[in-house]
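Numbering (my numbering), first residue to last: 17 to 402. The structure appears right after this line, and notes come after that.
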């Protein structure tokens with residue numbers, strides 16, 4: 017009997033050592049996100065998958081993962097929050113050739129490109145006395161898009177507190193290409209009133225023109241808010257301008273007007289959007305809009321060139337644009353000369369800014385828009401779910 021007990025103890029020690037030696041062998045872990053590009057506040061699923069592809073069980077497995085602070089984790093248990101991130105830990109055991117899948121919900125409160133890479137996989141022997149740690153780098157990424165912005169609701173012409181706007185009015189129309197008549201809204205020039213139709217219908221009707229076939233719009237985003245830029249970064253203003261870009265792009269897309277995008281902000285983890293990481297050629301369509309929105313999600317607060325350098329770059333492009341839409345947190349004093357240069361390069365220049373300083377230095381033939389003082393400017397509705 018004593019010999020049998022001794023043999024069992026010896027066998028247990030050997031098996032325990034073997035289980036420890038091979039605890040990480042053929043033990044695999046991976047994560048799957050339901051979506052890689054999401055809206056702010058949109059809930060996504062995270063599948064946590066652990067697989068044991070060997071004949072031995074692993075009685076102790078601890079998975080420790082790090083998530084960005086901007087994400088909210090559905091499962092509040094086993095969560096440690098710190099300034100460095102959110103750390104989630106789960107503990108389990110896994111049988112031979114078993115696959116364990118757990119699903120969690122995440123949502124993010126802030127625009128940006130977020131990296132999910134750090135994972136620590138700890139496994140141990142049968143008795144859980146001795147453990148071995150394995151660091152993993154999974155290198156996954158989620159891009160969170162900016163909130164959209166209702167430009168027609170929240171922007172007004174500078175100096176005209178009661179005015180309203182429309183993206184279509186920013187595009188040069190060809191008075192030769194008359195395609196019909198429509199009811200007068202009060203925003204059209206009186207010279208467009210079609211009197212014969214107005215008299216016949218008993219209400220004012222105006223001519224409706226088509227756009228010229230070569231209409232192209234370019235959206236310029238400037239995130240420089242101080243000189244030198246690193247001395248003062250207006251994060252709130254930059255975020256709002258990025259949202260305005262989205263609203264303008266969606267307006268052009270709805271109107272089927274080709275539009276492009278250039279900015280002077282650094283784009284995280286993306287090497288090319290055209291002839292440079294900061295430039296997207298004019299186009300239309302769902303994929304084109306998606307590429308711009310993803311670009312907006314990836315922009316951080318560092319600049320790759322000054323506003324002046326961005327203007328010089330676009331002036332060298334062979335493509336001619338009928339409309340340029342410049343969006344900037346504010347107009348710094350050195351900008352005035354370069355804004356005038358942009359106006360000479362296009363038929364129509366639209367300037368959207370959050371502050372009114374130095375606007376008196378800008379030429380009067382430039383259309384300037386500012387925010388309504390009683391509006392936040394953001395549309396908190398998740399458009400993707402509408």
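Quick reminder that beta carbons are idealized off the backbone N, C-alpha and C, glycines included.
Residue i burial status per 10 Å Cβ neighbour count (16 or more: buried)
i	result
residue 362	buried
residue 291	Confidence at residue 291 is low in this model, with a pLDDT of 37, below 50, so the placement of that residue is unreliable and no value is reported for it.
residue 289	Because the pLDDT of residue 289 is 43, which lies under 50, any placement of that residue in the model is unreliable, and the number read from its coordinates should be weighed accordingly. Per the 10 Å Cβ criterion, buried.
residue 384	buried
residue 277	buried
residue 376	exposed
residue 100	exposed
residue 303	exposed
Continuous beta strand (DSSP E) stretch holding residue i: start and end
i	result
residue 344	339 to 344
residue 267	Per DSSP, residue 267 belongs to no beta strand (DSSP E); it is in the alpha helix (DSSP H), 251 to 270.
residue 134	128 to 140
residue 279	275 to 279
Residue i vs residue j beta-carbon contact at 7 Å
i	j	result
residue 53	residue 310	yes
residue 354	residue 327	yes
residue 87	residue 96	no
residue 65	residue 150	no
residue 135	residue 81	yes
residue 279	residue 344	no
residue 76	residue 128	no
residue 263	residue 369	no
Counterpart residues of residue i in DSSP-defined beta bridges
i	result
residue 297	None; residue 297 has no bridge partner.
residue 83	102
residue 197	223
residue 71	For residue 71, which the question treats as bridged, DSSP gives no partner whatsoever.
Limits of the unbroken alpha helix (DSSP H) element including residue i
i	result
residue 312	302 to 314
residue 328	323 to 331
residue 358	351 to 361
residue 167	167 to 170
Reduced DSSP category for residue i - H, G, I as helix; E, B as strand; rest coil
i	result
residue 216	helix
residue 192	Annotation note: pLDDT 43 at residue 192 (below 50); position unreliable, coordinate value reported separately. Strand, per DSSP.
residue 479	No information on residue 479 is available, as it lies outside the stretch 17 to 402 that the chain covers here.
residue 111	coil
residue 174	coil
residue 38	coil
residue 389	coil
residue 292	Low local confidence applies: a pLDDT of 44 at residue 292 is under 50, so the model's placement there is unreliable, with the coordinate-based value given in what follows. Coil, per DSSP.
residue 399	Model confidence at residue 399 stands at a pLDDT of 40, short of 50, so the residue's coordinates are unreliable; what they give is reported in the following sentence. Residue state, collapsed to three classes: helix.
residue 154	strand
residue 245	helix
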